[in-house]
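**Q** Dumping the structure here so I can ask a few things about it.
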Amino acid sequence: MAAPSHPAAATTHHRILLPAHHRALVPSVLRLPLRADGHRGRLSVLAAAAAAAPAPAASTAAPSEPATGAVPGKPTVLVAEKLGAAGLELLREFANVDCSYGLSPEELRAKIPLCDALIVRSGTKVGRDVFEASGGRLRVVGRAGVGIDNVDLAAATEHGCLVVNAPTANTVAAAEHGIALLTAMARNIAQADASLKAGKWQRNKYVGVSLVGKTLAILGFGKVGSEVARRAKGLGMHVIAHDPYASADRAHAIGVELVSMEEALTTADFISLHMPLTPATNKMLNDETFAKMKKGVRIINVARGGVIDEDALVRALDSGIVAQAALDVFTKEPPAPDSKLVLHENVTVTPHLGASTVEAQEGVAIEIAEAVIGALKGELAASAVNAPMVPAEVVSELAPYVVLAEKLGRLAVQLVAGGGGIKSVKVTYASARAPDDLDTRLIRAMITKGLIEPISSVFVNLVNADFTAKQRGVRITEERILLDGSPETPLDYIQVHIAHVESKFPSAISESGEITVEGKVKDGIPHLTKVGLFQVDVSLEGSLILCRQVDQPGMIGSVGSVLGEENVNVSFMSVGRIAPRKHAVMAIGVDEEPSKSTLTKIGEIPAIEEFVFLKL
């Protein structure tokens, strides 16, 4: 196994003796036979258990005949749903292409043993049965679009099949649809059109509002959000945005000011949503957030339906807090025919048309064709969405550290405050192993996953982690501390440092001015061992409350009593202090998420100076 590359790695050296037999323990690499085009196949391994699993069962269906005119030696690509002509042309230059639309599950299983790649949209379910029927030949599944809910990722990985999608081609189409809804809503286009076609002439009823000089808040300043911002600036609007990962420099280049969520909600005349649906964004707009908004605000959503509590939006519309809403997406699609939200006179709706342009559909076809061709050639795909391709031995040994790495990333990003975004992350590894005997790519990828996935729709893995971080303007560097001792254990501890940011929990700031968290694996369980300057020891299970307090008797009992009264179970508790009777940080592991009132009671304890609740 080649020595891994570690960009910007600053290493502190201590004396070490590494036995020769450890240097020799390098997994062999499986090489598959060369194809006619000179490229080799690849084997994907999820874990040691997957490597030891029995071979996929053979299909019981009789394989269909090869496509007419198939060229021997070329891979075969089955296109199971309609794809744009430009994408098909690219595929045909490289592979034998079988366009078979509307296949039943049985027909798909019968065809798949003769296919190297499969391209679908959202209408074809690619489950475990499909991968088992392929007999190991299927190497790539391409999803022509963003969502991959119809593909069994675990089964794909276990059967050595890479899954790729097309996440960028719809960007402009979605942004244009957002602007179309914004302007149509502001001038009551849909309502006035329906009124006139009903034989009415109601000019006074449909007086709209101007966009010039109005403040548009964009929540989620990624690809689509930034394109909406460019177009809104052209309409004379003042544009602000909230996104913890957005680059302030990129925002300023467009003329957009990054602000806190609170400021975005309270100052905007229009709010446009462009965030993914994650546990953190589910029902982000609810009764509480609507109550903070300027009376008469207007809402646009071309992102995901679940980010809005639809019942709360109806209440906000009826009360006048929200003057109008324009929606392309819904929690359940299609929505119920009697939906109060859809039928509301102040709501403009479209049936999920954000990506529905001729140009976007052709773009998706080209993007997925290029991704599938690259994957068949054995190239690393930036749009890969399933598990990393690493030797089973490495995954098995690093398994508990992989969990630790992701949790440290999730902790660190939740400690960041402000709207400036994360730009610089340093990961420190302390180990008794020489650099050539410690492959940190998977650890780095999982830290990136923890940092980015909580508020992103991107699936981060070994294949796309560095690309994803770079795309979001996050520079991740690595530092190694070489320790004396036995190299039997791959890592002693991992630290994650985030520079040039403010913290929701100021005690997490270290002497270097960075948010710093440190963790170790103890008896196979990840533990948090340091926050800022404070040593702690708490298992990273469930969720976590961090409290900075005056070091005095009774504090553990006071906080424990509050949690006990609210029936919140404490799993672990650890206190780290600078010196007796000075300041200390209490780390409390909890099984349930405390209510807001419970957290408020903790904050009201006189000796508690600051606290934060963190989801793991």
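Just so you know, we're using our numbering here: the sequence shown kicks off at 2 and counts up by one. Just so it is clear, CB atoms sit at the ideal spot from N, CA and C, and this is done for glycine as well.
Just the Cα atoms here: how many angstroms apart are L534 and S575?
**A** Taking the sequence shown and counting its residues from 1, one reaches residue 534 at position 533. Taking the sequence shown and counting its residues from 1, one reaches residue 575 at position 574. Going from the Cα of L534 to the Cα of S575 covers about 15 Å.
**Q** Could you give the DSSP three-state label for V414: helix, strand or coil?
**A** Here residue 414 refers to the residue found at position 413 of the sequence shown. Note: V414 maps to helix in three-state DSSP.
**Q** Consult DSSP for Q192 and reduce its assignment to one of helix, strand or coil.
**A** Against the sequence shown, residue 192 aligns to sequence position 191. Residue state, collapsed to three classes: helix.
**Q** Determine the direct distance from the alpha carbon of L89 to that of E66, and round the result to whole angstroms.
**A** Position 65 of the sequence shown, counting from 1, holds the residue named residue 66. Position 88 of the sequence shown, counting from 1, holds the residue named residue 89. Residue placement at E66 is flagged as unreliable, the pLDDT there being 49, under the threshold of 50; the coordinate-derived value follows with that caveat. For E66 and L89, the distance between alpha carbons rounds to 21 Å.
**Q** Going by other Cβ atoms of all chains shown within 10 Å of its Cβ, with 16 needed for buried, is R24 buried or exposed?
**A** Here the question's residue 24 lines up with position 23 in the sequence shown. Caution applies to R24, whose pLDDT of 28 falls short of 50 and renders its modelled position unreliable; the value that the coordinates give is listed next. Exposed, since its Cβ has fewer than 16 Cβ neighbours within 10 Å.
**Q** Between which residues of its own chain and T351 is the CB-CB distance below 6 Å, once the five residues before and five after are set aside?
**A** As a first step, residue 351 is located in the sequence shown; it is residue number 350 there, counting from the start. Counting only Cβ-Cβ distances below 6 Å, and skipping sequence neighbours, we find D329.
**Q** Taking G451 and L409 to be in contact with their CB atoms under 8 Å, please state how far apart those CB atoms are, rounded to whole angstroms.
**A** As a working mapping, residue 451 is identified with position 450 in the sequence shown. As a working mapping, residue 409 is identified with position 408 in the sequence shown. Rounded, the Cβ-Cβ distance is 7 Å, consistent with contact.
**Q** Can you give me the Cβ contacts of A191 inside the same chain, cut-off strictly under 7 Å, excluding the 5 residues immediately before and after it?
**A** Translated into positions along the sequence shown, residue 191 becomes position 190. Excluding sequence neighbours, A191 sits near A185, T349.
**Q** For the beta strand (DSSP E) holding L354, just list the boundary residues, first then last.
**A** Working through the sequence shown from its first residue, we reach residue 354 at position 353. It is not in any beta strand (DSSP E) - L354 carries neither H nor E in the DSSP assignment.
**Q** Cβ of A249 within 8 Å of Cβ of G421?
**A** As a first step, residue 249 must be located in the sequence shown, where it is residue number 248. As a first step, residue 421 must be located in the sequence shown, where it is residue number 420. A contact, by the Cβ cut-off of 8 Å.
**Q** Is it true that the CB of G543 sits closer than 8 Å to the CB of L617?
**A** Taking the sequence shown and counting its residues from 1, one reaches residue 617 at position 616. Taking the sequence shown and counting its residues from 1, one reaches residue 543 at position 542. In contact: L617 and G543 (Cβ atoms closer than 8 Å).
**Q** L278 CB to nearest chain D CB: under 8 Å?
**A** Looking at the structure shown, chain D is missing, and only one protein chain is on hand.
**Q** Could you compute how far the alpha carbon of H243 sits from the alpha carbon of A265?
**A** As a working note, residue 243 is residue 242 in the sequence shown. As a working note, residue 265 is residue 264 in the sequence shown. Each residue's alpha carbon lies about 7 Å from the other.
**Q** Is H160 buried or exposed, if buried means 16 or more other CB atoms sit within 10 Å of its CB?
**A** Along the sequence shown, read from residue 1 onward, the residue named residue 160 stands at position 159. Classification of H160: buried, given that the 10 Å Cβ count is 16 or more.
**Q** How many angstroms separate the CA atom of A63 from the CA atom of A111?
**A** As a working mapping, residue 63 is identified with position 62 in the sequence shown. As a working mapping, residue 111 is identified with position 110 in the sequence shown. The pLDDT assigned to A63 is 39, lower than 50, so where the model puts this residue is not dependable; a value taken from the coordinates is nonetheless given after this. Within the model, the alpha-carbon separation for A63 versus A111 is close to 6 Å.
**Q** Just checking my contact of H178 with L354 at CB under 8 Å: how many whole Å lie between their CB atoms?
**A** By 1-based counting over the sequence shown, the position of residue 178 is 177. By 1-based counting over the sequence shown, the position of residue 354 is 353. About 6 Å separates the two Cβ atoms, so the contact holds.
**Q** Can you give me the start and stop residues for the beta strand (DSSP E) that H160 sits inside?
**A** Along the sequence shown, one-based indexing puts residue 160 at 159. Careful: H160 lies outside any beta strand (DSSP E) and carries neither H nor E.
**Q** Tell me whether N205 is buried or exposed, calling it buried when 16 or more other Cβ atoms sit within 10 Å of its Cβ.
**A** Residue 205 sits at position 204 when you count from the first residue of the sequence shown. That one is exposed.
**Q** Give me the Cα-Cα distance between P106 and R138, rounded to the nearest whole angstrom.
**A** By one-based count along the sequence shown, residue 106 stands at place 105. By one-based count along the sequence shown, residue 138 stands at place 137. Their Cα atoms are separated by approximately 18 Å.
**Q** Out of curiosity, what's the CA-to-CA distance linking E108 and R129?
**A** As a working note, residue 108 is residue 107 in the sequence shown. As a working note, residue 129 is residue 128 in the sequence shown. The straight-line gap from Cα to Cα measures roughly 15 Å.
**Q** Taking the alpha-carbon positions, what's the V72 to K471 distance?
**A** Indexing the sequence shown from 1 puts residue 72 at position 71. Indexing the sequence shown from 1 puts residue 471 at position 470. About 40 Å.
**Q** By the 10 Å Cβ neighbour count, where 16 or more other Cβ atoms means buried, how is K602 classified, buried or exposed?
**A** Position 601 of the sequence shown holds residue 602. Classification for K602: buried.
**Q** Quick one: grab the DSSP three-state call for S29.
**A** For the purposes of this step, residue 29 is taken as residue 28 along the sequence shown, with counting starting at 1. Because S29 sits at a pLDDT of 26, beneath the cut-off of 50, its placement in the model cannot be relied upon, and the point is left open.
**Q** Once DSSP output is grouped into helix, strand and coil, what is the label at I448?
**A** Residue mapping note: residue 448 aligns to position 447 of the sequence shown, counting from 1. Helix, per DSSP.
**Q** Tell me, please, which residues DSSP counts as bridged to L79.
**A** Here residue 79 corresponds to residue number 78 of the sequence shown, with the count starting at 1. Paired residue(s): D99, L119.
**Q** Please name the residue in H253, L91, I113, G124 whose C-alpha comes closest to that of G103.
**A** Taking the sequence shown and counting its residues from 1, the one referred to as residue 103 is at position 102. A check of alpha carbon separations from G103 across H253, L91, I113, G124 identifies G124 as the nearest.
**Q** At a cut of 8 Å, does the segment 290–298 reach the segment 259–274 through at least three beta carbon pairs?
**A** yes
**Q** Would you report the Cα separation of I482 and I495, rounded to the nearest angstrom?
**A** The residue you call residue 482 lines up with position 481 of the sequence shown. The residue you call residue 495 lines up with position 494 of the sequence shown. The alpha-carbon atoms of I482 and I495 are separated by roughly 10 Å.
**Q** Starting from F612, trace the alpha helix (DSSP H) both ways and give me its first and last residue.
**A** As a first step, residue 612 must be located in the sequence shown, where it is residue number 611. From DSSP, F612 is part of no alpha helix (DSSP H) but of the beta strand (DSSP E) over 609–616.
**Q** Between K198, A418, R445, which has its C-alpha nearest K505's C-alpha?
**A** Numbered from its first residue, the sequence shown carries residue 505 at position 504. Checking every option, the nearest Cα to that of K505 belongs to A418.
**Q** If we call anything under 8 Å between Cβ atoms a contact, is D438 one with P488?
**A** On the sequence shown, residue 438 is found 437 positions in, with the first residue counted as 1. On the sequence shown, residue 488 is found 487 positions in, with the first residue counted as 1. Result yes, Cβ atoms of D438 and P488 sit closer than 8 Å.
**Q** From L377 to V142, what does the alpha carbon distance come to, in whole angstroms?
**A** Counting from 1 along the sequence shown, the entry for residue 377 is found at position 376. Counting from 1 along the sequence shown, the entry for residue 142 is found at position 141. When rounded, the distance between both Cα atoms is 10 Å.
**Q** Considering just the uninterrupted stretch of the beta strand (DSSP E) at Q325, what are its terminal residues?
**A** Mapped onto the sequence shown, residue 325 falls at position 324. Counting along the chain, the beta strand (DSSP E) containing Q325 begins and ends at 323–328.
**Q** Measuring alpha carbon to alpha carbon, tell me which residue in G74, R93, K75 is nearest A370.
**A** Position 369 of the sequence shown, counted from the start, is the residue given in the question as residue 370. Closest by alpha carbon: R93.
**Q** Counting along the chain, where does the alpha helix (DSSP H) carrying T290 start and finish?
**A** As a first step, residue 290 is located in the sequence shown; it is residue number 289 there, counting from the start. Here the alpha helix (DSSP H) through T290 covers 288–293.
**Q** Taking the C-alpha atoms as reference points, what is the distance between L463 and E258?
**A** Locating residue 463 in the sequence shown gives position 462, where the first residue counts as 1. Locating residue 258 in the sequence shown gives position 257, where the first residue counts as 1. Using only the alpha carbons, I get a separation of about 33 Å.
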